[in-house]
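This report concerns only the one structure given below.
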């Protein structure tokens, strides 16, 4: 089986000396939703940056869709950051069109695809708004739309909902699953929230404290589509508890 | 008693001031020597329109060149210092310390070097406005979200694209603020230097007519300068608001702090 | 440490250029006397009674103008900050005031007070008041609403709130206000002295310039620049000491 993401023996040192990641190996099958959790500072974000081609690793191999990823490749991998980082001088729609405009896509084409993405994230009609006119949740939706507009098979998300309040987080998580289920993309998602991890994931990778390595792989066998009621079940609670115990052990 | 709206109140104050300006000298409360009436000031401005017009042109010319130096140099220097951490750590404290020195002490040096003509005014006003513009730009550059470039890179933007499509639009509010500040300070610098030692320009007219005790003409020149600086202020704010309408959270514009 | 060395190196470079370039005729020494000559002249000037007297006059003007402007500006600033209505009426006007060259009002002060000392003090106080006003208003507004709420919820009286919340919260800003106001105050006095006065160091500098006495002129420039920087740094040091808690 070919994997969408294949990481082998990944190690990294900051500035050549401080160990950040240690011998990380894992694979993500195509179409799967993988969540990475771990204590603060364990290197999750660095790992994501390397998966995205934004940073070079010191050692080890990363293959994305069968090829290495030495530099960003937005048609292969879309990245969504914790801060939406929408450009305030562009409208929501123009923000979504931005990656397309970098490649010289014709205007009608851009508009059509951006509108489609806007609709996908449930913001039809808000295209002409500027980021400062949007709520936190809406901004992240636009960010997601922007990440999806080039239809990359792989999506990387670095704590995208961390800046939102809990209720919005839950709604956004649910929305994300809906969007994901219509597309069959491979997703790697970083979060601090254990509830979020269990709710969203097919598999949860638990990382240790720095230097980060993978200490546990927890398959989440809850049925899809997920719903809020599942959060109250014993199965959910046990899974979350297992993650929590692993993290506490990892934190030493 | 309900108070009038702030806007109405301001307009009311302005009207009251104008009325007083006309009435007080007319009724003899203050001698015309000290406060010529508004009407006599306007009359003289009209009569000597040619002279004032010519002086205005000289002043505007000096302001334009001083502004080019201050904003051109100040914005570039500020962008460099603000954007490059090493430069910033090295130079910013030095520049902040230099800010404490009253630049006006350099003016006699410039008149000795460049004479009494426009060059000394342009040099002085250019330097006078340079440091605040540089400091303001350096501060503004640092408010740009560093993640903008990371996002752009993740979307596959090349370096030229990063500069043109991200850095430049993100810097626009700072650049506009620098232009507004630089222009205001250039006007102030030029007017001060024209008042001190000059042979032409509106500031020169103020001093000239003061020494011959022609108060009406002095006030006419003062009025002209007032109108010029207010016009520039309103114009630059209007332009700034129009172009930077997307500025997040609508930060209030800071007033240009001038020493004179 | 390295940064400090680089800065000192830059300074040394500038000073060396000032000494060597005119000395070797690369730059016209009549326009820019060598640094050594300027410093020698400075030493000589400081011993002259006329110069000392001018410095004394200027210092007194600076002090008096400051003593007038600070309470006046502070009172007005607090008023504008505390009273919402007055704030809304006058703040836009203040923005415009700062865009205007206040030096245009010098003739008015001269007409009112003559060309003596009062005019200079009055003018400098006038310009400085606005700066103090803006800074004071900003300082008052900077006191976080939260701090006030906490104090009030514990039943603090107005006086207690003033002394236990406002003052400590505002102290670093107050020092900064004084520092910046002094810069503007100093400039105001110098401009008035250069404009229409027969006393003061500003007048001396202006006349040295008019008479092409470049050594004296530069000596005066160095003296004033150094004085301004020293005063500024002293206040900055004090500011740093009281604002350790400030983020």
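Chains as they are written, first to last, in this note's numbering: chain A, 6 to 257; chain B, 234 to 493; chain C, 7 to 253. Think of the CB as a built atom: it goes at the ideal place given N, C-alpha and C, for glycine as much as any other residue.
- In terms of Cα proximity to residue 387 of chain B, the closest of A:26, A:9, A:74 and A:231 is A:74.
- Using beta-carbon distances, residue 239 of chain C counts as an interface residue toward chain B, with a partner under 8 Å.
- When only Cα atoms are considered, residue 254 of chain A and residue 171 of chain C end up about 45 Å apart.
- Look at residue 39 of chain A here: in three-state DSSP terms it is strand.
- Restricting attention to B:431, B:298 and B:276, the CA atom closest to the CA of residue 345 of chain B is found in B:431.
- The C-beta of residue 147 of chain A has 16 or more other C-beta atoms within 10 Å across all chains shown, which makes the residue buried.
- For a cut-off of 8 Å, the C-beta gap from residue 208 of chain C to residue 195 of chain C is around 7 Å, short enough to register as a contact.
- In the DSSP annotation of this structure, residue 22 of chain A is not part of any beta strand (DSSP E), being labelled neither H nor E.
- Each residue's CA atom was taken as its position, placing residue 91 of chain A and residue 443 of chain B some 57 Å apart.
- Under the Cβ criterion of 8 Å, residue 375 of chain B is not counted among the residues facing chain A.
- A straight line joining the alpha-carbon of residue 192 of chain A with that of residue 469 of chain B spans about 48 Å.
- Residue-level contact check: residue 78 of chain A touches chain B, since one or more beta carbons of chain B fall below 8 Å from its beta carbon.
- A Cβ of chain C is located within less than 8 Å of the beta carbon of residue 466 of chain B.
- Against chain C, a Cβ distance below 8 Å from residue 463 of chain B picks out 102, 105 and 106.
- One thing to note: residue 146 of chain C has its Cβ within 8 Å of the Cβ of residue 87 of chain C.
- Of the candidates C:42, C:26 and C:51, the residue whose Cα lies closest to the Cα of residue 222 of chain C is C:51.
- Annotation for residue 200 of chain C: 208 and 212 place their beta carbon closer than 6 Å to its own, counting only its chain and skipping 5 residues before and after.
- Boundaries of the beta strand (DSSP E) harbouring residue 212 of chain A: 208-212, taken from the DSSP string.
- Residue 435 of chain B is not a Cβ neighbour of residue 298 of chain B, given a cutoff of 8 Å.
- In the DSSP annotation of this structure, the continuous segment of the alpha helix (DSSP H) that includes residue 54 of chain A starts and ends at 49-57.
- Within chain C, the C-beta atoms nearer than 8 Å to that of residue 341 of chain B come from 200, 211, 212, 214, 215, 216 and 223, in chain order.
- Counting only the Cα atoms, residue 143 of chain A lies some 38 Å from residue 157 of chain C.
- Going by C-alpha positions, residue 476 of chain B is about 11 Å away from residue 402 of chain B.
- For residue 64 of chain A, there is no enclosing alpha helix (DSSP H); the enclosing beta strand (DSSP E) covers residues 64-69.
- For residue 323 of chain B, a Cβ of chain C is located within less than 8 Å of the residue's own Cβ.
- Residue 398 of chain B is not a Cβ neighbour of residue 99 of chain C, given a cutoff of 8 Å.
- Contact residues of the segment 325-337 of chain B toward chain C are 326, 327, 329, 330, 331, 332, 333, 334, 335, 336 and 337 (C-beta to C-beta distance below 9 Å).
- For residue 161 of chain A, the enclosing beta strand (DSSP E) covers residues 159-163.
- DSSP places residue 114 of chain A outside any beta strand (DSSP E); the residue lies instead in the alpha helix (DSSP H), whose first and last residues are 112-125.
- A contact is defined here as three or more CB-CB pairs under 8 Å, and the segment 374-388 of chain B meets this definition with respect to the segment 78-98 of chain A.
- When DSSP assignments are scanned along the segment 169-231 of chain A, the uninterrupted stretches of beta strand (DSSP E) that are 3 or more residues long and fall wholly within it turn out to be 191-195, 208-212 and 219-224.
- The beta carbon of residue 84 of chain C sits closer than 8 Å to those of 142, 143 and 146, all from its chain and outside the five residues before and after it, given in chain order.
- Taken through DSSP and simplified to helix, strand or coil, residue 95 of chain A comes out as coil.
- Within the segment 164-202 of chain C, the complete alpha helix (DSSP H) runs of at least 4 residues fall at 173-201.
- Runs of the alpha helix (DSSP H) lying entirely within the segment 90-127 of chain C, each at least 4 residues long, are 90-105 and 112-119 in chain order.
- Distance from the Cα of residue 383 of chain B is smallest, within the candidate group B:319, B:410, B:269 and B:396, for B:396.
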